[in-house]
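*Asks:*
2 protein chains.
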Amino acid sequence: MKMSEGVEWALHCCLTLAWLGRDDAAVPTSRLAAAFELPPAYLNKCLQLLVKAGILASSAGVKGGFRLARAPQQITLLEVVTAIEGPEPAFRCTEIRQGGAGATAAPGEFARPCGIAAAMHRAEAAWRRELAAQTVADLLRAAPPTASERLRCWQLAQAR
Amino acid sequence: MKMSEGVEWALHCCLTLAWLGRDDAAVPTSRLAAAFELPPAYLNKCLQLLVKAGILASSAGVKGGFRLARAPQQITLLEVVTAIEGPEPAFRCTEIRQGGAGATAAPGEFARPCGIAAAMHRAEAAWRRELAAQTVADLLRAAPPTASERLRCWQLAQAR
DNA sequence: GCGATGCTACTCGGATAAAAACTGTCCGAGTGGCATCGG
DNA sequence: CCGATGCCACTCGGACAGTTTTTATCCGAGTAGCATCGC
Numbered sequence: 096m097k098m099s100e101g102v103e104w105a106l107h108c109c110l111t112l113a114w115l116g117r118d119d120a121a122v123p124t125s126r127l128a129a130a131f132e133l134p135p136a137y138l139n140k141c142l143q144l145l146v147k148a149g150i151l152a153s154s155a156g157v158k159g160g161f162r163l164a165r166a167p168q169q170i171t172l173l174e175v176v177t178a179i180e181g182p183e184p185a186f187r188c189t190e191i192r193q194g195g196a197g198a199t200a201a202p203g204e205f206a207r208p209c210g211i212a213a214a215m216h217r218a219e220a221a222w223r224r225e226l227a228a229q230t231v232a233d234l235l236r237a238a239p240p241t242a243s244e245r246l247r248c249w250q251l252a253q254a255r
Numbered sequence: 096m097k098m099s100e101g102v103e104w105a106l107h108c109c110l111t112l113a114w115l116g117r118d119d120a121a122v123p124t125s126r127l128a129a130a131f132e133l134p135p136a137y138l139n140k141c142l143q144l145l146v147k148a149g150i151l152a153s154s155a156g157v158k159g160g161f162r163l164a165r166a167p168q169q170i171t172l173l174e175v176v177t178a179i180e181g182p183e184p185a186f187r188c189t190e191i192r193q194g195g196a197g198a199t200a201a202p203g204e205f206a207r208p209c210g211i212a213a214a215m216h217r218a219e220a221a222w223r224r225e226l227a228a229q230t231v232a233d234l235l236r237a238a239p240p241t242a243s244e245r246l247r248c249w250q251l252a253q254a255r
């Protein structure tokens, strides 16, 4: 069970864009990728997913790029993770209890959900609850940018 | 982020072995695979992982197979999941904050952990806590076996 | 001088290949049970 | 009849391919800005 690296990239990009402020000009993928030493084309794909989720807004043209679509306190970590990973839960019950010996079950015997699946989904719900409780604004407050992170923001703001 | 199917298989096998009782004879992979309609060789691989984790005990020979190594109330769901998926967390911080502009950082600037990684790990800790709070015995209690599940156990107990 | 217009460079966006992880399979080492043989 | 012994079938266990998901890349459509041209 490995989470996509795109989640880390997306969160760092959101945090950086929040530092820059929503009012500044848009930041293109190429600049963000250079600031973090990431593959530009693939990072672009991740940012597109964030646009689809309504977290970022994109603008085309020569001075286009991405910016935050909402205020940082209205972007939860869960939204970012879901945008990249998709909405499906990590644990998917394939109902193996209905295979083999279960094939002879009376109709309606498996009406109530599988207890194992219920337990796993409960755990995932706790995970989601924790992610939904934190916003990008919380990250801003908890960790003020270090010197080199301020440098990164300055580089992104320069040379438009 | 997709969890391995082996987790579901392992949990169902543990639950079934718990129904049978630790004192009965061992159940070989071939019989378990037939009872759930699963690929026998791959299921065997998963059961081996459970043996390595000390959850199951294996015995060789003509009447060999697998059985629970401990009492059901001493097997948490977290142990089973960790045995199959491995101990590494789903979210792995690759420290991209140190790339690019971060390369010019003063030594010790990144001593404190990344706030994003901390938040993600906090969420995963909640997930683990929920899994560690439930044991196989709890599954036994919560969901008594249905008719076809009892049939499955009977088939496993027969024809030794 | 001012506005309309065409062009150009740059951006996003989706379609297209490599890499990795997961899934599935095979065969060999080892062991316990059983039949056989000897006492 | 009882015990020792050799054999054999069956098991686990780890090494070996196939398939799906993830990662990475490329190229085209579209657009905003800018220079140019005409009035």
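These protein sequences, in sequence, are chains Z and G.
The numbering used here applies: residue 96 is where the first sequence begins, and numbers increase by one.
The numbering used here applies: residue 96 is where the second sequence begins, and numbers increase by one.
Note that the Cβ used here is the ideal one computed from N, Cα and C, for glycine as well.
Which same chain residues, not among the five before or five after Leu234 (chain Z), have their C-beta less than 7 Å away from its C-beta?
*Replies:* Contacts found: Leu110.
*Asks:* Would you decide whether Gln253 (chain Z) is buried or exposed? Buried here means 16 or more other CB atoms lie within 10 Å of its CB.
*Replies:* Label assigned to Gln253 (chain Z): exposed.
*Asks:* What three-state label does DSSP hand Arg162 (chain G) in the structure shown?
*Replies:* In this structure, Arg162 (chain G) counts as strand in the three-state DSSP scheme.
*Asks:* Determine contact between the stretch 154–167 of chain Z and the stretch 223–234 of chain Z, defined as no fewer than three beta-carbon pairs at a distance below 8 Å.
*Replies:* The stretch 154–167 of chain Z is in contact with the stretch 223–234 of chain Z.
*Asks:* Measure from the C-beta of Thr189 (chain G) to each C-beta in chain Z and report whether the shortest distance is under 8 Å.
*Replies:* Chain Z contact via Cβ: present.
*Asks:* What is the DSSP secondary structure of Leu133 (chain G), counted as helix, strand or coil?
*Replies:* Correct three-state label for Leu133 (chain G): coil.
*Asks:* What are the boundary residues of the beta strand (DSSP E) that includes Pro152 (chain G)?
*Replies:* According to the sequence as given, residue 152 (chain G) is Ala; it is not Pro. Start and end: 151–154.
*Asks:* Starting from the beta carbon of Phe186 (chain Z), find every residue of chain G whose beta carbon is closer than 8 Å, and list them in chain order.
*Replies:* Correct list: Met98, Val102, Glu103.
*Asks:* Could you list which residues in chain G have their beta carbon closer than 9 Å to that of Phe131 (chain Z), in chain order?
*Replies:* Near Phe131 (chain Z) (Cβ distances below 9 Å), the residues of chain G are Ile191, Arg192, Gly194, Gly195, Ala196, Gly197.
*Asks:* Under 8 Å, do Glu204 (chain Z) and Ala242 (chain G) count as touching if we go by C-beta distance?
*Replies:* Yes; because the gap between Cβ atoms is below 8 Å, this pair is in contact.
*Asks:* Taking its Cβ as the centre, do 16 or more other Cβ atoms sit within 10 Å of Trp249 (chain G), making it buried, or is it exposed?
*Replies:* Exposed, because fewer than 16 other Cβ atoms sit within 10 Å of the Cβ of Trp249 (chain G).
*Asks:* What three-state label does DSSP hand Thr230 (chain Z) in the structure shown?
*Replies:* DSSP places Thr230 (chain Z) in strand when its eight states are reduced to three.
*Asks:* Assuming contact is defined by CB atoms lying nearer than 8 Å, are Ala221 (chain G) and Glu225 (chain Z) in contact in what I supplied?
*Replies:* It is a contact, given that the beta carbons lie within the stated cut-off.
*Asks:* Taking Cβ positions only, does Gly160 (chain Z) come closer than 8 Å to chain G?
*Replies:* No, its Cβ sits nowhere closer than 8 Å to a Cβ of chain G.
*Asks:* When you compare the CB positions of Cys141 (chain G) and Ile191 (chain G), do they come within less than 8 Å of one another, or not?
*Replies:* No, the pair does not count as a contact, with Cβ atoms beyond the cut-off.
*Asks:* List, in order along the chain, the chain Z residues whose C-beta lies closer than 8 Å to that of Ile211 (chain G)?
*Replies:* Correct list: Glu103, Leu106, His107, Leu110, Leu234.
*Asks:* Helix, strand or coil for Val122 (chain G) per DSSP?
*Replies:* Three-state DSSP puts Val122 (chain G) in a strand.
*Asks:* Let me check understanding here. Comparing Cα to Cα, which of G:Asp118, G:Leu246, G:Val176 lies closest to Ala201 (chain Z)?
*Replies:* Among G:Asp118, G:Leu246, G:Val176, the Cα nearest to that of Ala201 (chain Z) is on G:Leu246.
*Asks:* Are the Cβ atoms of Thr189 (chain Z) and Glu103 (chain G) separated by less than 8 Å?
*Replies:* Yes; because the gap between Cβ atoms is below 8 Å, this pair is in contact.
*Asks:* Measuring alpha carbon to alpha carbon, tell me which of Z:Phe186, Z:Ala237, Z:Arg236 ends up nearest Ala214 (chain Z).
*Replies:* Nearest of Z:Phe186, Z:Ala237, Z:Arg236 to Ala214 (chain Z), Cα basis: Z:Phe186.
*Asks:* Along chain Z, in chain order, which residues have C-beta atoms closer than 9 Å to that of Ala214 (chain G)?
*Replies:* Those are Leu106, Leu172, Glu225, Leu226, Gln229, Asp233, Leu234, Ala237, listed as they occur along chain Z.
*Asks:* So, are the CB atoms of Val175 (chain Z) and Leu115 (chain Z) less than 8 Å apart?
*Replies:* No, these two residues do not count as a Cβ contact at 8 Å.
*Asks:* Show which residues of chain G have a CB atom less than 9 Å away from the CB atom of Leu246 (chain Z).
*Replies:* The answer, in chain order, is Ala196, Gly197, Thr199, Ala200.
*Asks:* On the CB-based measure, 16 or more other CB atoms within 10 Å of its CB, does Pro134 (chain G) come out buried or exposed?
*Replies:* Result: exposed.
*Asks:* Among residues of its own chain, excluding the 5 on either side of Ser154 (chain Z), which ones have a beta-carbon nearer than 7 Å to its beta-carbon?
*Replies:* Excluding residues within five positions, the ones whose Cβ falls inside 7 Å are Ala121, Gly160.
*Asks:* Measure the CB-CB distance between Arg162 (chain Z) and Leu151 (chain Z) and report whether it falls below 8 Å.
*Replies:* Going by C-beta atoms, Arg162 (chain Z) is nearer than 8 Å to Leu151 (chain Z).
*Asks:* What residue range is occupied by the uninterrupted alpha helix (DSSP H) comprising Thr177 (chain G)?
*Replies:* Looking at the DSSP string, the run of the alpha helix (DSSP H) that includes Thr177 (chain G) is 172–180.
*Asks:* I'd like to know if Ser243 (chain Z) contacts chain G, where contact means its C-beta is closer than 8 Å to some C-beta of that chain.
*Replies:* Ser243 (chain Z) counts as touching chain G.
*Asks:* At a Cβ threshold of 8 Å, is Ala221 (chain Z) touching chain G?
*Replies:* Output row for Ala221 (chain Z): interface = yes.
*Asks:* Counting only Cβ pairs nearer than 9 Å, list the residues of chain Z close to Gln143 (chain G).
*Replies:* Chain Z residues near Gln143 (chain G): none, gap ~19 Å exceeds 9 Å.
*Asks:* Report buried or exposed for Thr177 (chain G), applying the criterion of at least 16 other Cβ atoms within 10 angstroms of its Cβ.
*Replies:* Thr177 (chain G) comes out buried.
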